[in-house]
Amino acid sequence: MIRFCGIDLGHPIVNGSGTFDAIAARRAFGEVLLDEFPFAAFVSKTVTLAPRPGNPPPRLWELGAGMINSIGLPNKGLSGYLAEDLPELAQLPVPLIVNVMGSTPEEVATLVGAFAARAEVSALELNVSCPNVKTGLLMGADPGETAALLDAVRTLTAKPLIVKLTPNCASPAAVAAAAEQHGADAVSLVNTLRGMAMHPRRQREPWLGGGTGGVSGPAVRAIALAQVREVRERVRVPIVGMGGVQSGRHARDLLDAGADLVGVGTESFRDPLAGARIAAELRQIDGNSGIIDVPDEHACPRIARRGRKSPAK
Ligand code: RRO
Numbered sequence: 013m014i015r016f017c018g019i020d021l022g023h024p025i026v027n028g029s030g031t032f033d034a035i036a037a038r039r040a041f042g043e044v045l046l047d048e049f050p051f052a053a054f055v056s057k058t059v060t061l062a063p064r065p066g067n068p069p070p071r072l073w074e075l076g077a078g079m080i081n082s083i084g085l086p087n088k089g090l091s092g093y094l095a096e097d098l099p100e101l102a103q104l105p106v107p108l109i110v111n112v113m114g115s116t117p118e119e120v121a122t123l124v125g126a127f128a129a130r131a132e133v134s135a136l137e138l139n140v141s142c143p144n145v146k147t148g149l150l151m152g153a154d155p156g157e158t159a160a161l162l163d164a165v166r167t168l169t170a171k172p173l174i175v176k177l178t179p180n181c182a183s184p185a186a187v188a189a190a191a192e193q194h195g196a197d198a199v200s201l202v203n204t205l206r207g208m209a210m211h212p213r214r215q216r217e218p219w220l221g222g223g224t225g226g227v228s229g230p231a232v233r234a235i236a237l238a239q240v241r242e243v244r245e246r247v248r249v250p251i252v253g254m255g256g257v258q259s260g261r262h263a264r265d266l267l268d269a270g271a272d273l274v275g276v277g278t279e280s281f282r283d284p285l286a287g288a289r290i291a292a293e294l295r296q297i298d299g300n301s302g303i304i305d306v307p308d309e310h311a312c313p314r315i316a317r318r319g320r321k322s323p324a325k
């Protein structure tokens, strides 16, 4: 059991917002999903005040080492979420973290105020980092804007506020420091890195309907590690580290770089139970046998990192 912002979690693996649809997964896999839920807490897809249709298709491009998404926050809006999704997500066997985004601090304040009163919600994640809309990104790219956002919402709730940072700015660590100074309880990073794919058949046209998108998956893992380390050097609040995690070894690396929890995102598209597998691999590593045996092409190195303690027998 670990504690994160006062919330008890069974292990340190959570999902990255928007990468696991728990309602659809329950429909597909049945009640067994609740018995063996892959994550220690569930982070919901971003909710905005008004409903949004999302970006025009195509919305995905597969890369050699990940993918680019241009989803554009399709969602039912606050009232749709409260009426339809929240009752279902409240049935999950793990704490619920709701991810919210607005184009102004006032909009975010309305969202935070609405969730503040909901007992089903354990914490809020403020998404200031979506690469696929013009607004929202701005707030998270600038320490002053992030501070102003926290000033607008901090007093509205006693629930933990996690600020989801963008890697697409001059200094994520400076933004993290501003968030901490203005009352954030934790930060999470990295959101996706802005990227682009050209249309394979049409000259000079981008493939994605939104033009550009967000790169995720193994391609961004080294960047996530470096940014988590840099943020850890600037702040004391807990960090949810994510970016290209496919194995317990990758999770261990992010924890060693300074994260307190690890988010799994793109890997869940390949393997919906990746969260549980990665948590089990991490337990095996931390059980410090030093030797692990994972039948997966992404298995962690079999030799334990030097200096780790030998198993307590
Ligand atoms: O919906 C999206 O396009 C999206 C969001 Br909100 C986000 O935070 N990060 C991302 O890569 N895509």
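All residue numbers for the sequence shown refer to the working numbering, where the first residue is 13 and numbers rise by one. Each residue gets a CB set at the ideal place from its N, CA and C atoms; glycine is no exception.
| query | Which runs of the alpha helix (DSSP H) fall wholly inside the region 261 to 303 and span at least 4 residues, in chain order? | reply | Fully enclosed alpha helix (DSSP H) runs of 4 or longer: 279 to 282, 286 to 298.
| query | Within 7 Å: the Cβ of Thr-278 and any heavy atom of the ligand PLP? | reply | Of the ligands this structure carries, namely the ligand RRO, none is the ligand PLP.
| What beta strand (DSSP E) runs, 3 residues minimum, are completely inside the region 169 to 238? | The region 169 to 238 contains these whole beta strand (DSSP E) runs: 173 to 176, 198 to 201, 205 to 207, 225 to 228.
| message | Along the chain, where does the alpha helix (DSSP H) containing Arg-15 start, and where does it finish? | response | For Arg-15, there is no enclosing alpha helix (DSSP H); the residue is part of the beta strand (DSSP E) that begins and ends at 14 to 16.
| Leu-21, DSSP secondary structure in three states | In this structure, Leu-21 counts as strand in the three-state DSSP scheme.
| request: Would you mind reading off the limits of the beta strand (DSSP E) that contains Val-133? | output: Taken as a continuous stretch (DSSP letters only), the beta strand (DSSP E) holding Val-133 covers 133 to 139.
| request: Would you mind sorting Thr-204 into buried or exposed? The rule is 16 or more other CB atoms within 10 Å of its CB. | output: Residue burial is scored here from C-beta neighbours: Thr-204 has at least 16 other C-beta atoms within 10 angstroms and is therefore classed as buried.
| field | Length of the line joining the Cα atoms of Ala-198 and Glu-242 | value | Each residue's Cα considered, the two are about 15 Å apart.
| message | With a threshold of 7 Å (Cβ to nearest heavy atom), would Cys-142 be considered close to the ligand RRO? | response | Remark: the C-beta of Cys-142 is in contact range of the ligand RRO, defined as less than 7 Å to any heavy atom.
| query | Val-120 by DSSP, collapsed to three states: which one? | reply | If DSSP states are grouped into helix, strand and coil, Val-120 belongs with the helices.
| If you measure from the CB of Ile-174, is any heavy atom of the ligand RRO nearer than 7 Å? | Checking every heavy atom of the ligand RRO against the Cβ of Ile-174, none is found closer than 7 Å.
| Continuous beta strand (DSSP E) stretch holding Gly-156: start and end | For Gly-156, there is no enclosing beta strand (DSSP E); the enclosing alpha helix (DSSP H) covers residues 155 to 165.
| The beta strand (DSSP E) enclosing Ile-80, as first and last residue numbers | Segment 78 to 81, the beta strand (DSSP E) holding Ile-80.
| query | Using a threshold of 7 Å, is the CB atom of Thr-158 nearer than that to any non-hydrogen atom of the ligand RRO? | reply | Answer for Thr-158: no, Cβ out of range of the ligand RRO.
| query | What span of residues does the beta strand (DSSP E) with Val-112 cover, start to end? | reply | Counting along the chain, the beta strand (DSSP E) containing Val-112 begins and ends at 108 to 112.
| query | In terms of residues, what are the limits of the alpha helix (DSSP H) holding Glu-48? | reply | Run containing Glu-48: none; DSSP gives neither H nor E here.
| message | For the pair the region 57 to 72 and the region 232 to 252, tell me if three or more CB-CB distances fall below 8 Å. | response | The region 57 to 72, when compared against the region 232 to 252, does not touch it at the 8 Å Cβ threshold.
| query | With C-beta atoms as the reference, is Leu-85 less than 8 Å away from Cys-142? | reply | Cβ distance < 8 Å, so Leu-85 and Cys-142 count as in contact.
| said: Output needed for Gly-92: all residues of its chain with C-beta closer than 8 Å, excluding positions within five of it in sequence on either side, in chain order. | reply: Pro-63, listed in sequence order.
| query | Would the C-beta of Asn-203 count as close to the ligand RRO, meaning under 7 Å from any of its heavy atoms? | reply | Answer for Asn-203: yes, Cβ within range of the ligand RRO.
| request: Find the nearest neighbour of Phe-16 within the set Leu-108, Glu-48, Glu-279, judged by alpha-carbon distance. | output: Ranking Leu-108, Glu-48, Glu-279 by CA distance to the CA of Phe-16 puts Leu-108 first.
| Between Met-113, Pro-99, Gln-103, Gly-18, which lies nearest to Lys-57 when the distance is taken from Cα to Cα? | Checked all of Met-113, Pro-99, Gln-103, Gly-18; the closest Cα to Lys-57 is Met-113.
| Taking Cβ positions, are Thr-158 and Val-202 nearer each other than 8 Å? | Taking 8 Å as the Cβ cut-off, Thr-158 and Val-202 do not qualify as a contacting pair.
| said: Looking at the secondary structure, which residues open and close the alpha helix (DSSP H) in which Leu-98 lies? | reply: Where Leu-98 is concerned, the enclosing alpha helix (DSSP H) stretches over 98 to 101.
| query | Near Pro-105, which residues of its chain fall below 7 Å by C-beta distance, leaving aside the five closest residues on each side in sequence? | reply | Closer than 7 Å at Cβ, skipping near neighbours: Leu-46, Phe-49.
| said: Once the 5 residues before and after Val-227 are set aside, which same chain residues still bring their CB inside 8 Å of it? | reply: Leu-75, Gly-78, Met-79, Ile-80, Thr-204, Leu-205, Arg-206, Gly-207, listed in sequence order.
| message | By alpha-carbon positions, which one of Gly-222, Gln-193, Gly-125 ends up nearest to Leu-94? | response | Nearest option by C-alpha distance: Gly-125.
| field | Ile-83: CB within 7 Å of a non-hydrogen atom of the ligand RRO | value | Yes.
| said: What would DSSP say about Ser-29, mapped onto helix, strand or coil? | reply: Annotated three-state conformation of Ser-29 is coil, per DSSP.
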